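Q:
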Amino acid sequence: MVIDPKVLAYYEQGRERFLEGLKALLRIPSISALPEHKGDVRRAADFLADELRAMGVENVRLVEGSGHPIILGERNDAPGKPTLALYGHYDVQPPDPLDEWKSPPFEPAVRGDNLYARGAVDDKGQVATFLEALRAWHDATGAPAGGVRFTVLLEGEEESGSVNLERFVAKHKALLADCAVCLISDTGMLGRDKPAITYGVRGLAYTEVILHAADQDLHSGMWGGRCPNPISELTKVLAQLWDANRHVTIPEFYEGVRELSPAERNAWANLGFNQIDAL
Numbered sequence: 232m233v234i235d236p237k238v239l240a241y242y243e244q245g246r247e248r249f250l251e252g253l254k255a256l257l258r259i260p261s262i263s264a265l266p267e268h269k270g271d272v273r274r275a276a277d278f279l280a281d282e283l284r285a286m287g288v289e290n291v292r293l294v295e296g297s298g299h300p301i302i303l304g305e306r307n308d309a310p311g312k313p314t315l316a317l318y319g320h321y322d323v324q325p326p327d328p329l330d331e332w333k334s335p336p337f338e339p340a341v342r343g344d345n346l347y348a349r350g351a352v353d354d355k356g357q358v359a360t361f362l363e364a365l366r367a368w369h370d371a372t373g374a375p376a377g378g379v380r381f382t383v384l385l386e387g388e389e390e391s392g393s394v395n396l397e398r399f400v401a402k403h404k405a406l407l408a409d410c411a412v413c414l415i416s417d418t419g420m421l422g423r424d425k426p427a428i429t430y431g432v433r434g435l436a437y438t439e440v441i442l443h444a445a446d447q448d449l450h451s452g453m454w455g456g457r458c459p460n461p462i463s464e465l466t467k468v469l470a471q472l473w474d475a476n477r478h479v480t481i482p483e484f485y486e487g488v489r490e491l492s493p494a495e496r497n498a499w500a501n502l503g504f505n506q507i508d509a510l
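Here the sequence shown stands for residues 232 to 510, numbered as in my numbering.
Right, here's the structure in full:
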């Protein structure tokens with residue numbers, strides 16, 4: 232796709248303004264996992280909804296649920312063109328441990344060519360890249376980016392399990408099914424010169440283990456070895472969750488999980504992935 236020179240010129244002229252907008256978003260401590268930051272998460276959602284409206288996105292709304300809102304917006308003034316879905320999240324992880332930060336996590340700091348703040352790379356920075364691209368196209372040309380239709384979906388619970396996203400997708404299936412391509416701004420690369428298309432990741436499973444032992448402290452010299460040690464017993468339980476090949480041993484754990492195809496295994500084997508470099 233050839234980018235309109237007016238779009239590039241607009242971007243170059245507004246780089247500092249774009250950076251200040253990102254800093255404003257990064258200053259909001261939208262930590263979805265901590266109840267005391269519920270208001271901050273909502274503030275980040277309102278901030279982004281206003282930004283979307285300012286850049287020409289239509290029908291922008293906050294879809295409420297049992298948790299933090301999902302931001303949804305569309306632009307459909309390119310009839311007959313494919314629809315592009317843009318996904319990202321505006322919540323962040325807690326910034327602990329605080330003593331390892333060289334600058335306050337919610338006070339963005341530029342050092343060299345880098346911008347440091349909680350969320351700068353996961354995922355507010357990435358969200359800002361495609362939102363500012365939409366703004367540049369809208370302000371410079373009055374048309375949607377690349378002449379396509381698009382749907383924007385930004386959630387506020389990715390860092391706490393995306394508990395409401397599945398219900399949202401099911402409820403808005405017709406809208407999302409119309410999207411030809413989905414751009415997800417929250418995945419990784421194999422290396423600086425190896426971009427990747429991520430089409431699957433591992434999920435999450437939570438469980439609570441309750442272990443009953445003595446109801447009081449016992450003298451190790453008198454009772455050690457005679458009474459079960461809770462830590463020792465717990466390590467035995469945890470050690471049984473995997474076999475020697477790191478296969479999960481929980482019954483029915485892999486039910487419904489699709490096996491990798493031979494083509495996938497072959498493609499992955501030829502990626503040139505280096506475990507040492509990755510670690």
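Note that beta-carbon positions come from the ideal geometry of N, C-alpha and C, so glycine has one too.
In this text the structure is predicted, and so the values were computed from the model without any measurement.
Based on Cα-Cα distance, which residue from Glu-386, Val-379, Arg-423, Asp-417 lies nearest to Val-272?
A: Residue numbering aside, residue 272 sits at position 41 when the sequence shown is read from its first letter. For the residues Glu-386, Val-379, Arg-423, Asp-417, the minimum Cα distance to Val-272 belongs to Glu-386.
Q: Is Leu-465 near Arg-380, with beta carbons less than 9 Å apart?
A: Translated into positions along the sequence shown, residue 465 becomes position 234. Translated into positions along the sequence shown, residue 380 becomes position 149. No, Cβ-Cβ distance for Leu-465 and Arg-380 is not below 9 Å.
Q: Could you give the first and the last residue of the continuous alpha helix (DSSP H) run that contains Asn-497?
A: To locate residue 497, count along the sequence shown from 1; it is residue 266. Its alpha helix (DSSP H) spans residues 493-500.
Q: Could you tell me if Ser-261 is buried or exposed, where buried requires 16 or more neighbouring beta carbons within 10 angstroms of its beta carbon?
A: Position 30 of the sequence shown holds residue 261. Looking at its Cβ environment, which holds 16 or more other Cβ atoms inside 10 Å, Ser-261 is buried.
Q: Which term fits Trp-368, buried or exposed, when burial requires 16 or more other beta carbons within 10 angstroms of its beta carbon?
A: The residue labelled residue 368 in the question sits at position 137 within the sequence shown. Label assigned to Trp-368: buried.
Q: At 4 residues or longer, and completely inside the stretch 392-468: list those alpha helix (DSSP H) runs for me, N to C.
A: Runs of the alpha helix (DSSP H) inside the stretch 392-468: 396-402, 404-408, 451-454.
Q: Assess contact between the stretch 350-362 and the stretch 404-422, defined as three or more Cβ pairs (one per stretch) separated by less than 8 Å. Is contact present?
A: Result yes; three or more Cβ-Cβ pairs closer than 8 Å.
Q: For the stretch 442-455 and the stretch 333-350, state whether three or more C-beta atom pairs, one from each stretch, are separated by less than 8 Å.
A: Because the criterion of three Cβ pairs below 8 Å is not met, the stretch 442-455 and the stretch 333-350 do not touch.
Q: Report the rounded CA-to-CA distance for Trp-499 versus Arg-477, giving the unit in angstroms.
A: One-based indexing of the sequence shown puts residue 499 at position 268. One-based indexing of the sequence shown puts residue 477 at position 246. Their backbone Cα atoms lie some 19 Å apart in a straight line.
Q: List the DSSP bridge partners of Tyr-347.
A: The count along the sequence shown starts at 1 and reaches residue 347 at position 116. Answer by DSSP bridge pairing, in chain order: Ala-340.
Q: Under the three-state reduction of DSSP, which class applies to Phe-484: helix, strand or coil?
A: Numbered from its first residue, the sequence shown carries residue 484 at position 253. DSSP places Phe-484 in coil when its eight states are reduced to three.
Q: Would you call the stretch 272-285 and the stretch 399-412 in contact, with 3 or more CB pairs under 8 Å?
A: These segments do not touch.
Q: Measuring straight from C-alpha to C-alpha, what distance separates Gly-455 and Gly-431?
A: Looking up residue 455 in the sequence shown gives position 224. Looking up residue 431 in the sequence shown gives position 200. Each residue's Cα considered, the two are about 48 Å apart.
Q: Could you spell out where the alpha helix (DSSP H) holding Ala-264 opens and where it closes?
A: What you label residue 264 is simply residue 33 of the sequence shown in a count that begins at 1. No alpha helix (DSSP H) holds Ala-264; DSSP gives it neither H nor E.
Q: What three-state label does DSSP hand Tyr-321 in the structure shown?
A: Within the sequence shown, the letter at position 90 stands for residue 321. In the structure shown, Tyr-321 sits in coil (DSSP, three-state: anything other than H, G, I, E or B).
Q: Alpha carbon to alpha carbon, how far is Ser-263 from Leu-239? Give it in angstroms, no decimals.
A: Looking up residue 239 in the sequence shown gives position 8. Looking up residue 263 in the sequence shown gives position 32. Cα to Cα, Leu-239 sits roughly 35 Å from Ser-263.
Q: Comparing alpha-carbon positions, which option in Asp-370, Ser-391, Arg-306 lies nearest Tyr-321?
A: In the sequence shown, residue 321 corresponds to position 90, counting from 1. Tyr-321 has its Cα closest to that of Ser-391, out of Asp-370, Ser-391, Arg-306.
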